[in-house]
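Asker: Take this structure, written in structure tokens, and hold onto it; I'll ask about it next.
There are 2 protein chains.
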Amino acid sequence: MGHPIYLDCDTGIDDSLAIAYLMAHPDVDLVGVGTVFGNIDAHRAARNTLDVLALGGHDHVPVAVGAEKPLAGNWDGGPAHIHGANGVGDVELPRSPREPESTAVELLLRLAREHRGRLRILAIGPLTNLARALDAEPDLPGLVESVVVMGGAAKAPGNVTPVAEANIVNDPEAADRVLSAPWPLTLVTLDVTMEHVLEEPDRAALLDADRPLPRALGQMLDVYFAFYVESFGRRCAPLHDPLAAAVAAAGATPVMAPAVPVVVDATDGPGRGQTICDLRGERVGHPPRPGARCRVVLSVDAPFAPHLLELLTRTP
Amino acid sequence: MGHPIYLDCDTGIDDSLAIAYLMAHPDVDLVGVGTVFGNIDAHRAARNTLDVLALGGHDHVPVAVGAEKPLAGNWDGGPAHIHGANGVGDVELPRSPREPESTAVELLLRLAREHRGRLRILAIGPLTNLARALDAEPDLPGLVESVVVMGGAAKAPGNVTPVAEANIVNDPEAADRVLSAPWPLTLVTLDVTMEHVLEEPDRAALLDADRPLPRALGQMLDVYFAFYVESFGRRCAPLHDPLAAAVAAAGATPVMAPAVPVVVDATDGPGRGQTICDLRGERVGHPPRPGARCRVVLSVDAPFAPHLLELLTRTP
């Protein structure tokens, strides 16, 4: 029996990789998935999630639709040039007959009570659902074990603005709420996710697999690889969401991961959406900071791509 | 005949090192110094400057007092725990009989016209005087050759807040004005200045010198070394201002120094005073960005401390 994980996501190509990783990991019990706007709208994200789960033989996992827009303001639609018009690289996945339930907040709260003290929350999209769950149940932090968030950038540049990462800038008010709640939170930043990438031979290995899910992932990655040429100078895919999944599943171990004060810039200024991490102690090994609950992951112990690829392509 | 440099400073221990460096550099003609609040108040900074200049045999260099507070808001006084109560590490320098003139803006504008097209501005304090000079003479950018600023942090942590460096956060409105003016500007950030430090043997060499200026600098550095134990875990002194002086004097050559868009956070949020540098092109060699006039110095070509020490201690 694996460790219970609730996944909050905006599926999404790298979200699909993360879901596939969680399904394949022997120590994970994926007990529910809530969706949110971000890479695609929350309803489409739920459809993609159901279809990816079905392709991976996980038709039992409940999927619930969550927030369609951020706490403040509106949402302009997902980045079709990154994730395709349908969120999964314009690949037509076999349609699961299941329909999502509603709402992600209800699903999360139900699972938190059901797995009291043991549930890990893994959030790889904007943090709107988690912020709403905190509003609905202020005791939520005491009900769960921990939270892992893919989001933010500490020393690395942002990917939406010079300093802001997509999941955080898509709802800075929610991120502020979630990062200041009293739960142990691990922030898997662009500092580490940009250092772990799938390359063309990896994509070829997915396409050559003997099961439909890795083949579909290999197909999805075509548009994602094309987008990252601008950043990397070559076709490849940084492993944002799957690396966060691996941190939640203990399949990747943070090495440089100081617990430091983190503040989200929720102004309307040029820093909006930045995760301001206080790394001023970096030359002296980040002495303990009372009250600093947020671990900022800057590196992990081993190359992640081979581990991911092995889990995704091995015959069950 | 050296290259004409106008220095704008808040003298300050590392400012004193910078002034000594400029006096010692054979290719520099230090044609004037304006002072500003920051490490100490602007009047005391002028007194310190006159005294350091006298100790270095440069009694001919005009010194003018500038801004006593930032464009917006007030100034809370200098950090006595870093620079001593008198700005120069509580060392009593021999008092120069000269008095400063007024104002720094007038001095700068006069020098810009006198050395039309050739003047380099080196600013190692808050940018208030430069901003006011731009207001007084909008054509100033066309009158000078270039501007070198010690200030800001790109990927490195700030030294006042997690993201803000002292010179910029002391007057973000002025910095915003100066960094967006149409002149070629080089920003010598904490990313590079924190990597070049004087150590105890270097301070001992200053104290052992046969002239009063290096001896006084060695004495001043005592309090400065003590302050930096918290950041470095040992007594030492990062060379913020002297390294900027060396960049202005071509005594240190920037290596990683991309010309990228830079915006100053002038909000009242947690990012106030940050120099937001767009380093998103770092993996592909920072392709040219039209309109990006600001070079952000992240590294220089050689260890700077030995060069500085050699200039400060050699017998003329």
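These protein sequence lines map, in sequence, to chains A and B.
The first sequence maps to residues 1 to 316 in full-length UniProt numbering.
The second sequence maps to residues 1 to 316 in full-length UniProt numbering.
Cβ coordinates follow ideal geometry from the N, Cα and C atoms, glycine included.
Values in this document were obtained by computation on a predicted structure and should not be read as measured data.
Helix, strand or coil for residue 320/B per DSSP?
Answerer: With chain B represented from 1 up to 316, any question about residue 320/B goes unanswered, as that position is not in the structure.
Asker: For Y6/B, name the three-state secondary structure that DSSP assigns.
Answerer: Three-state DSSP puts Y6/B in a strand.
Asker: Is DSSP giving I19/B helix, strand or coil here?
Answerer: helix
Asker: By how many angstroms is the C-alpha of D76/B removed from the C-alpha of D10/A?
Answerer: 47 Å
Asker: Given V169/A, which residues of its chain have a CB within under 7 Å of its CB, disregarding the five upstream and five downstream residues?
Answerer: V160, T161, R272 and G273
Asker: Measure the C-alpha to C-alpha separation of D176/B and P157/B and round it to an integer number of angstroms.
Answerer: Near 19 Å, if we compare the C-alpha coordinates of P157/B and D176/B.
Asker: Could you tell me the alpha carbon to alpha carbon distance between N129/A and E282/A, rounded to whole angstroms?
Answerer: 33 Å
Asker: Suppose only complete runs of 3+ residues qualify. What are the beta strand (DSSP E) ranges in the region 216-284 of chain A, listed by chain order?
Answerer: 262-264 and 275-277
Asker: For V31/B versus Y6/B, is the C-beta spacing smaller than 8 Å?
Answerer: yes
Asker: Roughly how many whole angstroms lie between the Cα atoms of L187/B and A257/B?
Answerer: 9 Å
Asker: Given that a residue counts as buried once 16 or more other Cβ atoms are within 10 Å of its Cβ, and exposed if not, what is E165/A?
Answerer: E165/A should be labelled buried.
Asker: Does the region 287-304 of chain A come within contact of the region 219-228 of chain A, defined as at least 3 CB pairs closer than 8 Å?
Answerer: no
Asker: Along chain A, which residues have their Cβ under 8 Å away from the Cβ of L279/B?
Answerer: P157 and P162
Asker: Within this structure, are the beta carbons of A305/A and A18/A separated by less than 8 Å?
Answerer: no
Asker: Determine the extent of the beta strand (DSSP E) in which T103/A is found, giving its start and end residues.
Answerer: First-last for T103/A: undefined, no H or E at that position.
Asker: What residue does the beta strand (DSSP E) around A64/B start on, and which one ends it?
Answerer: V63 to V65
Asker: In this structure, how does DSSP classify R113/B when only helix, strand and coil are distinguished?
Answerer: helix
Asker: Looking at the strands, I want to know which residues DSSP matches up with G34/B.
Answerer: D8/B and A64/B
Asker: Classify P287/A: buried if its beta carbon has 16 or more other beta carbons within 10 angstroms, exposed otherwise.
Answerer: exposed
Asker: Is the number of C-beta pairs between the region 124-140 of chain B and the region 79-86 of chain B that are closer than 8 Å three or more?
Answerer: The count of Cβ pairs closer than 8 Å, one atom from the region 124-140 of chain B and one from the region 79-86 of chain B, stays below three, leaving the stretches out of contact.
Asker: Using a Cβ-Cβ cut-off of less than 8 Å, list which residues of the region 206-235 of chain A approach chain B; keep chain order.
Answerer: Listed by position, the residues of the region 206-235 of chain A near chain B (Cβ gap below 8 Å) are E230, S231, F232 and G233.
Asker: The beta strand (DSSP E) spanning V149/A covers which residue range?
Answerer: First-last of the beta strand (DSSP E) with V149/A: S146 to M150.
Asker: Is the CB of P79/B under 8 Å away from at least one CB in chain A?
Answerer: For P79/B, the answer is no, since every Cβ of chain A falls outside 8 Å of its Cβ.
Asker: From which residue to which residue does the beta strand (DSSP E) around A188/A run?
Answerer: Note that residue 188/A is Val in the sequence shown, not Ala. From DSSP, the beta strand (DSSP E) with V188/A extends over L185 to V188.
Asker: Going by beta carbon distance, what residues of the same chain come within less than 8 Å of residue 327/B, once the five residues before and after it are set aside?
Answerer: This structure does not reach residue 327/B, given that chain B is present from 1 up to 316, and the question cannot be answered.
Asker: From what residue to what residue does the alpha helix (DSSP H) around A174/A run?
Answerer: Run containing A174/A: P172 to L179, per the alpha helix (DSSP H) assignment.
Asker: Would you decide whether N74/B is buried or exposed? Buried here means 16 or more other CB atoms lie within 10 Å of its CB.
Answerer: exposed
Asker: The beta strand (DSSP E) that contains V211/A, what's its start and end?
Answerer: According to the sequence provided, residue 211/A is Arg. The question's Val does not apply to it. Where R211/A is concerned, there is no enclosing beta strand (DSSP E), given that its DSSP letter is neither H nor E.
Asker: Pull up the DSSP beta-bridge partners for R120/B, would you.
Answerer: I5/B and S146/B
Asker: Determine, using beta carbons only, whether E282/A comes closer than 8 Å to chain B.
Answerer: yes
Asker: Using the C-alpha atoms, what's the distance from P254/A back to E114/A?
Answerer: 28 Å
Asker: How about D241/A: is its C-beta nearer than 8 Å to some C-beta of chain B?
Answerer: no
Asker: Put R295/A into one of helix, strand or coil per three-state DSSP.
Answerer: strand
Asker: Could you tell me which chain B residues have their CB closer than 8 Å to the CB of G269/A, listed as they occur along the chain?
Answerer: Simply D265, A266, T267, G269 and G271.
Asker: Which class does L127/A belong to by DSSP, given the choice of helix, strand or coil?
Answerer: Residue state, collapsed to three classes: coil.
Asker: For E199/B, collect the residues of the same chain with a Cβ closer than 6 Å to its Cβ; drop the 5 residues on either side in sequence, then sort them by chain order.
Answerer: C236
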